[in-house]
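Visitor:
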Amino acid sequence: MRSVSIIGVGCTKFGERWDVSLRDMIAEAGVLAIDDAEISGEQIDALYVGNMSGGRFVEQEHIGALIADCAGLSRLHVPSTRVEAACASGGLALRQGILAVASGYSDIVIAAGVEKMTDVSSGTAADALAAAADREWECFFGATFPALYAMMARLHMRRYGTTHDQMAAVAVKNHHHACYNPIAQYQMEISIEDVSRSPMVADPLHILDCSPISDGAAAVVLAPTEMAKKLSENPIKVAASAQASDTLALHDRRDLTTLDATVHAGRAAFTQAGIEPRMVDVAEVHDCFTIAEILAIEDLGFVEKGQGGRATEEGLTALGSSLPVNTSGGLKACGHPVGATGIKQAYEIALQLRGEAGRRQVDEAEVGLAHNVGGSGGTALVHIFTR
Amino acid sequence: MTTQAPRFWRSIPQRYNLSGTHCKRCDEYFFPPRNLCPNCRRGSHLEEYTFKGTGSVVTFTTIYNATEDFEKLTPYNLAIIQLDEGPKVTGQVVSSSKDIKIGMRVRPVFRILGKEGDRGIIYYGTKFAPLMEPSCEDEKR
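Heads up: the protein sequence lines correspond to chains A and B, in order. Going by the numbering used here, the first sequence opens with residue 1, and the numbers climb by one from there. Going by the numbering used here, the second sequence opens with residue 1, and the numbers climb by one from there.
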């Protein structure tokens, strides 16, 4: 297998983008990434795009061909593949691109992600997202995504003494980070009180414990590391790409306060990269809900099981600490256009490792990790990047 | 709710009567029924099994913001219940949100779970109610 590097990245502004379409956003992200890589269309061997539910959100399937067309590549007949793993669709597209380059089958590959969620009502969006859970045995009985994570939160509170204030600290931190990120949906500070006073969605999760409904697209350009050294001044090496699955329904899991898919993907990634969790300088983790970031930092081995809430409250994961988590603002404050999220995470880590993250730059960042989850943990992807 | 007639009809035994499977080889119980036991896979020896329906609340939430199909029901309790035979299921618990607790014993109750508009199918299925001291209010829901 060949070593793979990222030679270009691009990301649109995330948010409620009523003025632009899915097509506009994917073209914008693609052009930004291709410009950044300084390559031309003729050099592109393949496209992979993560998109969870074009069918529900904009009544458009066949997103693979669509993005090749929008990117101006239709006359070059570049093979283009849409992949889906709910909220992990972006991370999965990245992995498919990496596998294509690593195998030697393709040289220059674009891995992209896009979701246009605000063209439908919030009720329709919530229902489309609920399709990532078990339709027949969770949603049929009235389960919603916040409800599934709320049930994980309730048990985590009971077992480990995690408090709602500790969960709120995740949202407060990520909003703070987002203030330094020009593409973030919510560039504004919030307080613990703001979170606790916000309307209840699914007890104990309030609306400000939840990531928003967002529009956005992101793209990265991949190349074999040997070629990347010639094409780019600052290539970012993919040190590991790992993926794991678990039961679709939360209730079938071995443990309701652990995402085993994250544990397995994380271990595999650390083994591939030959590093320990403590060697990671900056991480983007899947904080679709505040409790999800607490579970993620535990399941990835950054803190002991049960200590995620306390670690967050003590500031161990904030900018300026030893392991800044979600410097982009995370899903919570940067926004969560589901198919784009996994690629945006790679975009953020690439900026950090290139030293181009502006006011949210982590000093001397050399090792970065991106963690993307599908559904309530049926899929997890972990990527590790190095300078 | 986007479930359509054949899709709902196929799962009536499970939805009405908590019918699942039991693997005779490894003695694990499954709900809903599985075609393959994840322990024994192709060596599975599965038989039908109807669950008693009693169990305990493992974790729960009260939902205030639901999908369109469940909006009228809010707030309602959703829980993961461990059936006495072992498997866990997701289901609504018909009790006041103040009364529901982790570890609470529950029993199955047959209830309407949804409707396809005014003229479509009515979906029936299982909800759960506290096993001890069912109050009049629980029965109304």
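Each residue gets a CB set at the ideal place from its N, CA and C atoms; glycine is no exception. All values derive from a computational prediction rather than experimental measurement.
1. Where does A/C288 fall in DSSP's three states?
2. So A/V285 contacts chain B; which residues on that side make the cut at Cβ distance below 8 Å?
3. Leaving out five residues before and five after A/H383 in sequence, what residues of the same chain have Cβ atoms less than 6 Å from its Cβ?
4. Leaving out the 5 sequence neighbours to the left and right, which residues in its chain are closer than 6 Å to A/M156 when beta-carbon positions are compared?
5. Would DSSP call A/P212 helix, strand or coil?
6. Leaving out five residues before and five after A/S122 in sequence, what residues of the same chain have Cβ atoms less than 8 Å from its Cβ?
7. Using the C-alpha atoms, what's the distance from A/T225 back to A/E233?
8. Kindly indicate which three-state DSSP category B/T90 falls into: helix, strand or coil?
9. Using 10 angstroms around the beta-carbon of B/Q4, count the other beta-carbons present and answer buried if the total reaches 16, otherwise exposed.
10. Let me know the secondary structure DSSP gives A/W18 once reduced to three states.
11. Do A/I34 and A/V263 have their C-beta atoms closer together than 9 Å?
12. Grab the span of the alpha helix (DSSP H) containing A/Y160 for me, first residue to last.
13. So A/Q166 packs on A/T312, CB below 8 Å; how close in whole Å?
14. Where does the unbroken beta strand (DSSP E) through A/R310 begin, and where does it stop?
15. Assuming A/K230 is part of the alpha helix (DSSP H), what are its boundary residues?
16. What's the gap between the Cα of A/A346 and the Cα of A/H164?
17. Flag this pair as touching only if the stretch 271–288 of chain A and the stretch 353–371 of chain A have three or more C-beta atom pairs under 8 Å; answer yes or no.
18. Give a yes or no on whether the minimum CB-CB distance between B/P32 and chain A is below 9 Å.
19. Taking C-beta to C-beta, are A/C11 and A/M52 nearer than 9 Å?
20. Shortest alpha-carbon distance to B/Y64 belongs to which of A/V338, A/P146, A/L381, A/V170?
21. Counting only runs of 3+ residues fully inside the stretch 48–135 of chain A, write out the beta strand (DSSP E) ranges in chain order.
22. When burial is assigned at 16 or more other CB atoms within 10 Å of the CB, is A/M151 buried or exposed?
23. Just to make sure I have the definition right: I need the residues of chain A whose C-beta is within less than 8 Å of the C-beta of B/Y76. Which are they?
24. What residues of chain A sit near B/T50, judged by a beta carbon separation below 8 Å?
25. At a Cβ threshold of 9 Å, is A/E138 touching chain B?
26. Could you name the residues of the same chain whose beta carbon sits closer than 6 Å to that of B/H22, not counting the 5 residues immediately before and after it, in chain order?
27. Counting only beta-carbon atoms, is B/I12 nearer than 9 Å to chain A?
28. Along the stretch 85–103 of chain B, where does the CB come closer than 9 Å to a CB of chain A? Name the residues.
29. Counting only C-beta atoms, is A/H336 closer than 9 Å to chain B at any point?
30. Ignoring anything shorter than 3 residues or poking outside the stretch 93–118 of chain B, list the beta strand (DSSP E) runs there in chain order.
31. Under 9 Å between beta-carbons, which chain B residues line up against A/L256? List them in chain order, please.
32. Which residues in chain D have a C-beta closer than 7 Å to the C-beta of B/L131? List them in chain order.
33. Can you tell me whether A/S5 is helix, strand or coil according to DSSP?
34. Output needed in chain order: residues of the stretch 244–272 of chain A with a Cβ under 8 Å from some Cβ in chain B.
35. Once you ignore the five residues that flank B/L36 on each side, which residues in its own chain have a CB closer than 6 Å to its CB?
36. Can you give me the C-alpha to C-alpha distance between A/G301 and A/T124, rounded to a whole angstrom?
Guide: So, to answer that:
1. On the first sequence, position 288 is the one that residue 288 of chain A refers to. Assigned with DSSP and collapsed to three states, A/C288 falls in coil, not helix or strand.
2. Numbered from 1 along the first sequence, position 285 holds the residue referred to as residue 285 of chain A. In chain order: nothing, as chain B lies at least about 22 Å away.
3. Taking the first sequence and counting its residues from 1, the one referred to as residue 383 of chain A is at position 383. Taken in chain order, the residues that qualify are S241, A370.
4. Residue 156 of chain A sits at position 156 when you count from the first residue of the first sequence. What sits at residue 156 of chain A in the sequence shown is His, not Met. Hits under 6 Å: T162, T257.
5. Working through the first sequence from its first residue, we reach residue 212 of chain A at position 212. Coil at A/P212, not helix or strand.
6. If you number the first sequence from 1, residue 122 of chain A lands on position 122. Counting only Cβ-Cβ distances below 8 Å, and skipping sequence neighbours, we find I213.
7. For the purposes of this step, residue 233 of chain A is taken as residue 233 along the first sequence, with counting starting at 1. For the purposes of this step, residue 225 of chain A is taken as residue 225 along the first sequence, with counting starting at 1. Straight-line measurement puts the Cα of A/T225 at about 12 Å from the Cα of A/E233.
8. The sequence position of residue 90 of chain B within the second sequence is 90, counting from 1. Three-state result, B/T90: strand.
9. Residue 4 of chain B sits at position 4 when you count from the first residue of the second sequence. That one is exposed.
10. Taking the first residue of the first sequence as 1, we reach residue 18 of chain A at position 18. The answer is coil: DSSP assigns A/W18 none of H, G, I, E or B.
11. Your numbering for residue 34 of chain A matches position 34 in the first sequence. Your numbering for residue 263 of chain A matches position 263 in the first sequence. Contact flag unset, no.
12. By one-based count along the first sequence, residue 160 of chain A stands at place 160. Looking at the DSSP string, the run of the alpha helix (DSSP H) that includes A/Y160 is 145–160.
13. The residue given as residue 166 of chain A occupies position 166 in the first sequence. The residue given as residue 312 of chain A occupies position 312 in the first sequence. The pair is a contact, with the Cβ atoms about 6 Å apart (cut-off 8 Å).
14. Start at 1 with the first residue of the first sequence, and residue 310 of chain A comes out as number 310. Segment 308–313 is the alpha helix (DSSP H) holding A/R310; no beta strand (DSSP E) there.
15. Your numbering for residue 230 of chain A matches position 230 in the first sequence. Where A/K230 is concerned, the enclosing alpha helix (DSSP H) stretches over 225–231.
16. Stepping through the first sequence from its first residue, residue 346 of chain A is reached at position 346. Stepping through the first sequence from its first residue, residue 164 of chain A is reached at position 164. For A/A346 and A/H164, the gap between their C-alpha atoms comes out near 30 Å.
17. Touching, per the Cβ criterion.
18. As a first step, residue 32 of chain B is located in the second sequence; it is residue number 32 there, counting from the start. For B/P32, the answer is yes, since a Cβ of chain A falls inside 9 Å of its Cβ.
19. Translated into the one-based positions of the first sequence, residue 11 of chain A becomes position 11. Translated into the one-based positions of the first sequence, residue 52 of chain A becomes position 52. It is not a contact, given that the beta carbons lie outside the stated cut-off.
20. Start at 1 with the first residue of the second sequence, and residue 64 of chain B comes out as number 64. Considering only alpha carbons, the answer is A/P146.
21. Runs found: 80–83, 109–116.
22. Counting from 1 along the first sequence, the entry for residue 151 of chain A is found at position 151. The Cβ neighbour count for A/M151, taken over all protein chains shown within 10 Å, is at least 16; the residue is labelled buried.
23. Position 76 of the second sequence holds residue 76 of chain B. Going along chain A in sequence order, the residues near B/Y76 (Cβ under 8 Å) are G142.
24. As a position in the second sequence, residue 50 of chain B is number 50, starting the count at 1. Neighbours of B/T50 on chain A: none; closest Cβ ~17 Å, over 8 Å.
25. For the purposes of this step, residue 138 of chain A is taken as residue 138 along the first sequence, with counting starting at 1. At least one chain B Cβ lies under 9 Å of A/E138.
26. The count along the second sequence starts at 1 and reaches residue 22 of chain B at position 22. The beta carbon of B/H22 sits closer than 6 Å to the beta carbons of Y29, E47, Y49 from its chain, once the five residues preceding and following it are set aside; these are given in chain order.
27. Translated into positions along the second sequence, residue 12 of chain B becomes position 12. Not one chain A Cβ lies under 9 Å of B/I12.
28. Flagged, chain order: P87, K88, V89, T90, G91, Q92, S97, I102.
29. Locating residue 336 of chain A in the first sequence gives position 336, counting from the first residue. A/H336 does not count as touching chain B.
30. As far as the stretch 93–118 of chain B is concerned, its whole beta strand (DSSP E) runs of at least 3 residues are 105–115.
31. Within the first sequence, numbered from 1, the residue matching residue 256 of chain A stands at position 256. Going along chain B in sequence order, the residues near A/L256 (Cβ under 9 Å) are V58, T59, I80, K88.
32. Considering every chain present, this structure includes no chain D. Its protein chains are A and B.
33. If you number the first sequence from 1, residue 5 of chain A lands on position 5. In the three-state scheme derived from DSSP, where H, G and I count as helix and E and B as strand, A/S5 is classed as strand.
34. Identification of residues in the stretch 244–272 of chain A having a C-beta nearer than 8 Å to some C-beta of chain B yields A249, L250, H251, D252, L256, given in sequence order.
35. By 1-based counting over the second sequence, the position of residue 36 of chain B is 36. Only S44 meet the Cβ criterion.
36. Residue mapping note: residue 301 of chain A aligns to position 301 of the first sequence, counting from 1. Residue mapping note: residue 124 of chain A aligns to position 124 of the first sequence, counting from 1. Roughly 36 Å separates the two Cα atoms.
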